[in-house]
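Protein chains in written order, with our numbering: chain A, 995 to 1341; chain B, 680 to 1360. C-beta atoms are modelled at their ideal positions from N, C-alpha and C, and glycine is treated no differently. Since the structure comes first, as structure tokens, the remarks are kept for the end.
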Amino acid sequence: MSVDYSHIAEEAKTQIASCQDGEALEVLRVKYLGRKGMVQDLMAKIPALAPEERRAFGAGVNNLKNNLADLFAQREATLNNSAVLFRGAGMDRTLPGKKPLLGKLHPLTQVQSEICEVFGRLGFKVFFGPELETEFNNFEALNIPLDHPSRDAFDTFYVSQPHSNSLKTTERLLLRSHTSPAQIRAMKICKPPLAMIVPGRVYRPDAVDASHSFMFHQVEGFAVGEDIRFSDLKGVLIAFVQEMFGAKTKMRFRPSFFPFTEPSAEVDISCFICAGAGCSVCKKSGWLEILGCGMIHPHVLRSAGHDPSRWRGFAFGMGVERIAMLKFGINDIRLFFENDLRFLEQF
Amino acid sequence: MKASYSWIREFVDIKMSPQKLGDALSMAGLSVASLEEIDGDFVYDIEVTSNRPDWLSIRGIAREVAAIAGAKLKKEAVRKTHRPKNRAQDRLSIRIDDKKGCSLYCGNLIVGVKVGPSPEWLKKRLLVLGLRPVNSVVDITNYCLMEYGQPLHAFDLDRIPQASLIVRRARSGEKIVLIDGLEKALSPQVLVIADSDRPIAAAGLMGGQATEVNAQTKNVLLESACFDPVTVRHGTRVLGVVSDSSYRFERGVDLVGVKEAMARATEMICELCNGTLVVSKQAGAGKAGNKRKITVSLKEVRDVLSIDISTLQAKGILEKLGFGTRLKAKDILEVIVPSFRKDVKIPEDLTEEIARIYGYDRIPLTAPSIKPFSFAASQTQLCEFRLKGLLAGMGLKEIITYSLGSDEDYRKTSLEVAADAYALENPLSQDYRILRTTVLPGLLAGVAFNINHNNKNGEVFEISRVYTKNNEEIRLGIALFGSRRAAWLKESCVYTLFDLKGILEALLDEFQVSAYVLKDASDWKFALVGTACHVLVNDQIIARFGQVSEEVKRNWGIKAKEDIFVAEVLVDILAASALSKKTFHGIATTPSIVRDISMLVPDSVSFSRIEELIGEKARGYVQRLALAERYQGIEVPKAHSGLTLSIEYSAGQRTLTDEEINPVHQRVLDSLSEELGLKLR
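What follows is the structure in structure tokens.
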């Protein structure tokens, strides 16, 4: 013998939902869950079942009982709220509040500020360099020689000089292709020891598509002292990634090459989307590449007028768009610069 | 650079799985972008950084694998060294005219070659790496290119008159058809290999079609050379040609490898194509010079890496990578750099080598001792942060628009492109050519995008740089359009010019800039007639604002009828005019007296005139003057408006009495009606 009771749940659900007051709800409750109710009737059928069916049937009916009890409780709460408290005496406090209009900072500003704040707490000070840079600061001072393939990674917009300009330089001007030239400027203005963080716009002649933009943002950081070590760089960056991406974030350093650091490293963090299990964002590797770093190359210290036998430093740089895209799940870099309010209001 | 597992294992005996090896390579700096199983082999796609041309070869990668795995590197690839027969009838002459462009040129003359398809094993080696087999001779040059990282080229000797080669700069007007079939015009920037009268190859880039090896070729001239990286780089730019060869020459080839690869390719051609080496010629010194020696302090290495590596361990790593070492004193190592490691120049480079193989992941985490230092951000920068917070607090959304714009953007905005504007020499397109001198076009682009995407109401701002002859300035742009989001029960919130002006006033108040004056800016074509205004502080423009003209709206493709109000603030001037110090002025303990005045004002009298007059007549008493109401309508005559002002009088710390203020207020009333002819109600 088998007993089908699936219709009971459906029926009860409809009736409970359409119930408009407490009394009617109580009548329904007795009908289903009372001592002589329908659920109890089902229970009474257990002894008549084949022994192997009893266990599953009992569990099913018990489940039904619990579900119905939940439905009654929910409906009761709803009826209490709307009818008794808000529809009777006093004001209808379910009317929407008059929300003051809140503005929004651009998601890139939010991420950039967060990065700067984290490093601020670690003792770094914010410095800004110009976007219109000299070729020397953007390249030669950073150990990127002319006519070297290492320049390929830094395709650059060159800027023609208007007839009169206050820079009074005969040097070729360009739109900086990275924030690293700010290292040179900062170290010329401020003698070591120092620790700076430089946020700003940078430019590279990349055709615009979902993952490229000719204008984007970077944050550069560097510290120079008499006893700065490579291990300090790891220490500072683990503090940063765990504040930025969560305390469980893992970090790894991979050897890499940048002309302005030696040794150099690429930094990956454990993918916070799949927690390292492998997903499309981390290309199934479990790791996300987020920044490049290393010990400041002696050539760079010398370019800024400091003796590399006395001073040592580390430097790192990251792309703000990339971090914002990862953090917020944004899949198209162009969204940042279209300025659609329906985009901006989500952050 | 693609490399296959089986080929690597030909040079180093490792037991690591292909997957494990891939991870190990990545963690040593040979970033593996992908690992694919192809035809029973495993192929790594390795992103080789520009400092490591030695990794652009299977042998170079194998050397690295040996160091990582602590395995032995098998050195010999060439089994049989072929010596030229030097027969009397064979002739080959090589001359280098441009010694800077080419430091070494080796030519091997191999005769009696049978060109055909390569054996299957060779084809497969190339195919898994994505190289297309052509014929046995060409395949062998490609094979050796991959194995040694040394580009080789084979000419059909019978198509070179007198077998005489000259390495020289191309002459203007000379042309060549390259192997890919494209004709290229040459210039003296391009280094070529020429026969007695014409170029037959673009040196280091690509061979010419006329001397290409094909199935009919009998005699081969094999080239292995060292071309100057910068010269080759210029060549790629001038001709628009990038090849596996140019890629390696640009990064620098190893002089020792020039001869090794030549020996290997010669051996293969002799064996696989039945050739006989008859002449071996060399031009150029081709001396690698003295090997570079670097003295490195292991104490320094341990200190900067915070690791406790033994001298023996450090020596072991360097030697496995091909460096020679000699312990000069305790912890002082003299390192001899091999010819294939031109990137290693300073002790720090060796620190990286040691750290890389030791394992970056084994370096501990430490906290730096950042000593206090003094550095203050500029006022403008502080101002920028504050402004962003204030404006977001007022409900505005921050936008970021491109710093680059077009002449067309300015035309659409009815603005002139400033004569001193900077422009790009190499723009991506004319749309992004000019470094902006104002944020207005960007702001309008943002507004237009929104209105045209059915976001008809909004309030936005941008703070960013503009580039003028004074270098970089920070500007704030504000735009209000349509109406403010209405809360229920609220009447119209359609934006007006005064919403915008109010925001500016609030900002000026917050920065304690009180001495500002307004000046009509009718010459500002961008704005609707009669709405534009400059705000001046000490005769300097600090801001301008107005309503966007219909024409400008049309130009930007905005068809919606909603009004747009726009302001631009010169943040540097705001920062310079701001009072950074805030001072507490006490709280008045004496009561003030409030008097309201209602009056009918003709359009010819401005509010500021009334304000001024009241200030003058009640000098010392006016604490606050507020416009309580302004109305126009049926009960107000044309070209007039009804104003109700609320004046709060006080006498500072004295108690102000009616007796004292009455005559003052009367003076105000009298002057309003007598001097300005206003009708008081």
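Residue i - DSSP class collapsed to helix/strand/coil
i         : result
Asn1217/B : coil
Ala1305/B : strand
Pro1120/B : helix
Phe1150/B : Strictly speaking, residue 1150/B in this sequence is Asn, with Phe absent from that position. Of the three classes helix, strand and coil, the one that applies to Asn1150/B here is strand, per DSSP.
Gly1219/A : strand
Gln961/B  : strand
Ser710/B  : strand
Tyr1300/B : coil
Asn1136/B : coil
Met1278/B : strand
Pro796/B  : coil
Ile1113/B : strand
Lys1119/A : strand
Ile1427/B : Beyond the ends of chain B as shown, which are 680 and 1360, falls residue 1427/B; an answer cannot be given.
Pro1106/B : coil
His1001/A : helix
Cys952/B  : coil
Phe834/B  : strand
Leu1083/B : strand
Counterpart residues of residue i in DSSP-defined beta bridges
i         : result
Glu1283/A : Asp1262/A
Phe1244/B : Leu1159/B, Gln1226/B
Asn787/B  : Leu901/B, Ser959/B
Phe1247/A : Val1261/A
Leu1029/B : Per DSSP, none; premise fails for Leu1029/B.
Arg1005/B : Glu1013/B
Gly1313/A : Gln1212/A
Gly1288/A : Ser1258/A, Ala1309/A
Lys972/B  : Ile1015/B
Straight-line Cα distance separating residue j from residue i
i         : j         : result
Asn1217/B : Arg1223/B : 15 Å
Ala1346/A : Ile1191/A : Lying outside 995 to 1341, the shown extent of chain A, residue 1346/A is not represented and no answer is given.
Val1078/B : Gly1117/A : In the sequence as displayed, the identity of residue 1078/B is Ile instead of Val. The alpha-carbon atoms of Ile1078/B and Gly1117/A are separated by roughly 30 Å.
Val1275/A : Leu1282/A : 8 Å
Pro1369/B : Pro1316/B : No answer is possible for residue 1369/B: it lies beyond the span of chain B, which begins at 680 and ends at 1360.
Thr1175/B : Lys1278/A : 53 Å
Gly1272/A : Gly1280/A : 5 Å
Ser1361/B : Gly883/B  : Lying outside 680 to 1360, the shown extent of chain B, residue 1361/B is not represented and no answer is given.
Asp1040/B : Ile1317/A : 23 Å
Arg1005/B : Phe1019/B : 19 Å
Gly1331/B : Arg1298/B : 12 Å
Leu1083/B : Ile1327/A : 17 Å
Ser1277/B : Leu1348/B : 10 Å
Ala1217/A : Ser1250/A : 20 Å
Leu808/B  : Ala944/B  : 19 Å
Gly795/B  : Cys952/B  : 8 Å
Arg1029/A : Ala1038/A : 11 Å
Short Cβ contact (8 Å threshold) for residue i with residue j
i         : j         : result
Phe1205/B : Leu1253/B : no
Leu1126/A : Leu1167/A : yes
Leu1155/B : Val1250/B : yes
Tyr1152/A : Arg1170/A : no
Ala889/B  : Arg838/B  : yes
Val1014/B : Lys978/B  : no
Glu1308/B : Thr1323/B : yes
Gln1177/A : Ala1269/A : no
Leu870/B  : Thr896/B  : no
Gln1109/B : Val937/B  : no
Thr1173/A : Glu1134/A : no
Ala1259/A : Arg1248/A : yes
Leu844/B  : Asp874/B  : yes
Any non-hydrogen atom of the ligand MG within 7 Å of residue i CB
i         : result
Ser1108/B : This structure does not include the ligand MG; it has no bound ligands of any sort.
Quick one: which unbroken alpha helix (DSSP H) runs of 4-plus residues sit fully inside the stretch 798 to 825 of chain B? Chain order, please. Runs found: 799 to 807.
Can you list the alpha helix (DSSP H) stretches of 4 or more residues lying completely in the stretch 1147 to 1212 of chain A, in chain order? 1175 to 1183
Using a Cβ cut-off of 7 Å, which residues of the stretch 1190 to 1216 of chain A contact any Cβ in chain C, in chain order? As a matter of chain content, chain C is missing from the structure shown, whose protein chains are A and B.
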